[in-house]
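Every letter in the sequence shown is one number past the one before it in this note's numbering, and letter 222, counting from 1, is 218.
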Amino acid sequence: MSTAGHSAYRGRFAPSPTGPLHLGSLLAALASWLEARHAGGRWLLRIEDIDPPREQAGAADAILHCLQRHGLHWDDSVLWQSQRSAAYDSALAALQAGGHLFACACSRRELGPMGDCRRGCRERGCHQRGAPERPASPYALRVSVPATFSAHWQDTWQGEQDWPLGATLRDFVVRRKDGLYAYQLAVVVDDAAQGITDVVRGADLLDSTPRQRLLQQLLGYASPRYAHIPVLTDRSGQKLSKQNLAPPLEATAPAHNLRAALTALGQTAPPAEVSSVEALLAFALAHWEPAAVPAQPVVSATAAH
Ligand code: GLU
-3 MSTAGHSAYR
7 GRFAPSPTGP
17 LHLGSLLAAL
27 ASWLEARHAG
37 GRWLLRIEDI
47 DPPREQAGAA
57 DAILHCLQRH
67 GLHWDDSVLW
77 QSQRSAAYDS
87 ALAALQAGGH
97 LFACACSRRE
107 LGPMGDCRRG
117 CRERGCHQRG
127 APERPASPYA
137 LRVSVPATFS
147 AHWQDTWQGE
157 QDWPLGATLR
167 DFVVRRKDGL
177 YAYQLAVVVD
187 DAAQGITDVV
197 RGADLLDSTP
207 RQRLLQQLLG
217 YASPRYAHIP
227 VLTDRSGQKL
237 SKQNLAPPLE
247 ATAPAHNLRA
257 ALTALGQTAP
267 PAEVSSVEAL
277 LAFALAHWEP
287 AAVPAQPVVS
297 ATAAH
């Protein structure tokens, strides 16, 4: 499907609509936008709305509006994961045909410490389990990790990465028991479909990358380059996230927010007379220095508006 040649840069931002953007997500969006524009490439947007129970009504629209107010305009039309079931089903069929998939009806308590299946569902074909008069219990679809699989890549901000995944994880879920597609599957299918050459995202997703690189290999996709931006913390070292109620970004103070994000990214501060969103972004682009991004960006609690 993808022939992600690395010549024409294609980056993306892929928020989940579980809440409004906060300064930490602006950092990822801005770094990804700056990398793409700096390379003269395209910057795509994907709304990862595949987990309705975790989503917040109105969040997707608020995210789109907020990005626009911050001058982060995307190319092409937005890709909505909620409309991509057919693509995910064909990827599952391809994994199945390759013998990489198995059904597993284990409960959470039956799973191993890494959330992997310890009861031999792969061997037993456990979706057949259950008395004939009762329907088989709901099952998840899992991908087996080959014992020898290791993921290696050179990460822009995290340096050389070497993850012997097969030594630590036997398998992982690609379609959940409740029928929802797993993030790991959807992100890989869509990065390939959008021809993404460069993934710039928060380092909180670093440990997902080995699973994604395995899926890319099993599905015959090219792997993009990865750049995991260090996660923004407050002064006490606490990660800013929707979960710990990082304040939502006010779409009314975009220039202020962009300045705060550039400071956290260790970039040259735009002079005071640079005040519009467009001028701030143009300045940031002209002075973009990926090597200046600190290992641990910190923000004071009042930086976001
Ligand atoms: N949707 C994910 C999130 O909002 C990001 C996925 C990605 O960038 O790969 O955390």
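Ideal Cβ positions, reconstructed from N, Cα and C, are used throughout, including at glycine.
Cβ-based burial, residue i [other Cβ within 10 Å; buried from 16]
{"i": "Glu129", "result": "Only weak support is given to the placement of Glu129: the predicted model assigns it a pLDDT of 43, under 50, and the value that follows is read from those uncertain coordinates. Result: exposed."}
{"i": "Gly175", "result": "exposed"}
{"i": "Ala0", "result": "Low per-residue confidence applies at Ala0: pLDDT is 46, beneath 50, and the placement is therefore not dependable, though the value from the model is reported in the following sentence. Buried, because 16 or more other Cβ atoms sit within 10 Å of the Cβ of Ala0."}
{"i": "Ala295", "result": "The amino acid at residue 295 is misidentified as Ala; the sequence shows Val. Val295 comes out buried."}
{"i": "His69", "result": "exposed"}
{"i": "Pro131", "result": "Residue placement at Pro131 cannot be trusted, given a pLDDT of 46 that sits under 50; what the coordinates show is reported in the next sentence. So Pro131 counts as exposed."}
{"i": "Arg231", "result": "exposed"}
{"i": "Arg138", "result": "buried"}
{"i": "Ala136", "result": "buried"}
{"i": "Thr248", "result": "exposed"}
{"i": "Arg33", "result": "buried"}
{"i": "Ile192", "result": "buried"}
{"i": "His2", "result": "Residue placement at His2 is flagged as unreliable, the pLDDT there being 49, under the threshold of 50; the coordinate-derived value follows with that caveat. The residue is exposed, with fewer than 16 neighbouring Cβ atoms inside 10 Å."}
{"i": "Ala260", "result": "buried"}
{"i": "His96", "result": "buried"}
{"i": "Arg105", "result": "exposed"}
{"i": "Gly67", "result": "buried"}
{"i": "Thr205", "result": "buried"}
{"i": "Gly126", "result": "Low local confidence applies: a pLDDT of 48 at Gly126 is under 50, so the model's placement there is unreliable, with the coordinate-based value given in what follows. Gly126 should be labelled exposed."}
{"i": "Leu63", "result": "buried"}
{"i": "Asp158", "result": "exposed"}
{"i": "Ser(-2)", "result": "The pLDDT assigned to Ser(-2) is 44, lower than 50, so where the model puts this residue is not dependable; a value taken from the coordinates is nonetheless given after this. Result: buried."}
{"i": "Asp194", "result": "buried"}
Whether residue i touches residue j by CB criterion (8 Å)
{"i": "Arg6", "j": "Gln190", "result": "yes"}
{"i": "Val289", "j": "Gly262", "result": "yes"}
{"i": "Ala199", "j": "Glu44", "result": "no"}
{"i": "Leu19", "j": "Leu236", "result": "yes"}
{"i": "Ala273", "j": "Glu31", "result": "A quick correction: the sequence has Val, not Ala, at residue 273. No."}
{"i": "Gln180", "j": "Arg209", "result": "no"}
{"i": "Leu281", "j": "Leu254", "result": "no"}
{"i": "Asp71", "j": "Arg50", "result": "no"}
{"i": "Ala163", "j": "Pro134", "result": "no"}
{"i": "Leu26", "j": "Ala218", "result": "no"}
{"i": "Thr264", "j": "His252", "result": "no"}
{"i": "Pro293", "j": "Leu23", "result": "yes"}
DSSP bridge partner residues for residue i (one or two, in chain order)
{"i": "Ile43", "result": "Trp76"}
{"i": "Lys235", "result": "Thr229"}
{"i": "Leu97", "result": "Val139"}
{"i": "Ala288", "result": "DSSP output for Ala288 lists no bridge partner at all."}
{"i": "Gly198", "result": "Ile225"}
{"i": "Gly7", "result": "Trp39"}
{"i": "Gly155", "result": "Asp151"}
{"i": "Arg171", "result": "Leu137, Tyr177"}
{"i": "Arg18", "result": "Note that residue 18 is His in the sequence shown here, rather than Arg. Note: His18 sits in a beta bridge opposite Pro244."}
{"i": "Val294", "result": "Thr229"}
So, do the segment 211 to 231 and the segment 152 to 161 have three or more beta carbon pairs nearer to each other than 8 Å?
Output reads yes: the segment 152 to 161 touches the segment 211 to 231.
Would you list the residues whose beta-carbon is nearer than 6 Å to any heavy atom of ligand 1, in the order they occur in the chain?
With 6 Å as the limit, the residues whose C-beta approaches any heavy atom of ligand 1 more closely are Ala10, Pro11, Ser12, Glu44, Val183, Arg197, Leu201, in sequence along the chain.
Counting Cβ pairs closer than 8 Å, one from the segment 25 to 44 and one from the segment 7 to 14, do we hit at least three?
Short answer: they touch.
Three or more C-beta pairs under 8 Å: does that hold for the segment 158 to 168 against the segment 111 to 121?
Using a Cβ-Cβ distance cut-off of 8 Å, the segment 158 to 168 and the segment 111 to 121 are in contact, since at least three pairs of beta carbons, one from each stretch, lie closer than that value.
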